[in-house]
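K.L.:
Before I ask anything, here is the structure I am working with.
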Amino acid sequence: MSVLISAVALLLSIVNVQAAFNLPPLPYANTSIEPVIDAQTQTFHHSVHFATYVRNLNTALTNYSSLAQLSLTNLVSQVGSGSLPPAIETTVRNSGGGAWNHAMWFSTLAPPNSTNTSTTQISAPLQAAMVSSFGSVAAGLKLMGDRANARFGSGWSFLVVKPDGGLFVVDLPNQDNPLMKVSKNYADAVASKPGNIVGSMDVPS
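In structure tokens form, the structure reads like this:
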């Protein structure tokens, strides 16, 4: 998995599109990530999971036109803040979070053994931050994988930038992410700045 800073720019180009929210196409062929992720799994996660999250979110926002005009990032960032109508907050948390997380996930994948999966492609500032925070780039990536593998049930691990420029890894259940104000790590994540989430890993199932 590539965790290039440039992937964040691609992610933002997806999640900042105004609602009604649309399902963005995969940025590569569904066979491109094989053998790490087979085409059937890739298609299922995109055309079923991701698509269902987008559809359910749009349905929930039918009578909330002002919220439907927010970017997905801004909408998800309101979860847990007390500003969302109680009637739809759970749907925004689950389906909005699921849509945002999958957008991030798909935008940071690249074909195995391609240039984009080489750690040499990670920007110098990010490499330096990973070395400072984890001891090495490899150790940081391993920690992300370990945290994802250790979580029981569905969820994600995220690589997040702290206010001081350091990095930390947080694993969260289901479709929660550090944008939401429901995590004990919210204050550290400075979740109002979505670019501070650098990478993610889906918990294997």
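If you use mature numbering (1 follows the signal peptide of the UniProt record, and there is no 0), the sequence shown corresponds to residues -19 to -1, 1 to 186, in order. The beta-carbon is built from N, C-alpha and C at its ideal position, and this holds for glycine as well.
Asp183 bridges to which residues according to DSSP?
P.N.:
Answer by DSSP bridge pairing, in chain order: Trp137.
K.L.:
State the DSSP-derived secondary structure class of Pro92, mapped to helix, strand or coil.
P.N.:
Coil.
K.L.:
Compute the Euclidean distance between the alpha carbons of Asn177 and Asn75, then round it to the nearest angstrom.
P.N.:
Cα to Cα, Asn177 sits roughly 21 Å from Asn75.
K.L.:
Check whether the Cβ of Leu51 sits closer than 8 Å to any heavy atom of the ligand ZN, and report yes or no.
P.N.:
Because no ligand of any kind appears in the structure shown, any question about the ligand ZN cannot be addressed here.
K.L.:
Can you tell me which of Ser64, Ser13 and Thr33 puts its alpha carbon nearest to the alpha carbon of Pro93?
P.N.:
The shortest C-alpha separation from Pro93 is found at Ser13.
K.L.:
My output table needs one value for Leu(-10): the three-state DSSP class, helix, strand or coil.
P.N.:
The predicted model places Leu(-10) with a pLDDT of 43, which falls under 50 and marks its position as unreliable; any figure quoted below should be read in that light. Correct three-state label for Leu(-10): helix.
K.L.:
In whole angstroms, what separates the C-alpha of Ile69 from that of Thr96?
P.N.:
Approximately 42 Å between the Cα atoms of the pair.
K.L.:
Below 6 Å CB to CB, which residues in the same chain sit around Ala(-13) once its five sequence neighbours on both sides are set aside?
P.N.:
The predicted model places Ala(-13) with a pLDDT of 41, which falls under 50 and marks its position as unreliable; any figure quoted below should be read in that light. Within the same chain, Ala(-13) has close Cβ partners Ser88 and Thr89.
K.L.:
Taking the alpha-carbon positions, what's the Lys143 to Phe149 distance?
P.N.:
Answer to the nearest angstrom: the Cα atoms are 7 Å apart.
K.L.:
Alpha carbon to alpha carbon, how far is Leu(-8) from Ser58?
P.N.:
In this predicted model, Leu(-8) has a pLDDT of only 48, less than 50, meaning its place in the structure is not dependable enough to derive any value.
K.L.:
Would you kindly work out how many angstroms separate the C-alpha atoms of Val(-3) and Ser114, rounded to a whole number?
P.N.:
Model confidence at Val(-3) stands at a pLDDT of 43, short of 50, so the residue's coordinates are unreliable and nothing is read from them.
K.L.:
Reducing DSSP to helix, strand and coil, say where Ile14 ends up.
P.N.:
Ile14: coil per DSSP, three-state reduction.
K.L.:
Does DSSP put Val150 in a helix, in a strand, or in coil?
P.N.:
Reduced to three states, the DSSP call for Val150 is strand.
K.L.:
Would you kindly report the start and end of the unbroken alpha helix (DSSP H) that includes Ser104?
P.N.:
Taken as a continuous stretch (DSSP letters only), Ser104 belongs to no alpha helix (DSSP H), as it is neither H nor E.
K.L.:
Can at least three beta-carbon pairs, one atom from the region 121 to 136 and one from the region 42 to 59, be found at a separation below 8 Å?
P.N.:
These segments do not touch.
K.L.:
Locate the alpha helix (DSSP H) running through Lys123, then write down its first and last residues.
P.N.:
Where Lys123 is concerned, the enclosing alpha helix (DSSP H) stretches over Val118 to Ala131.
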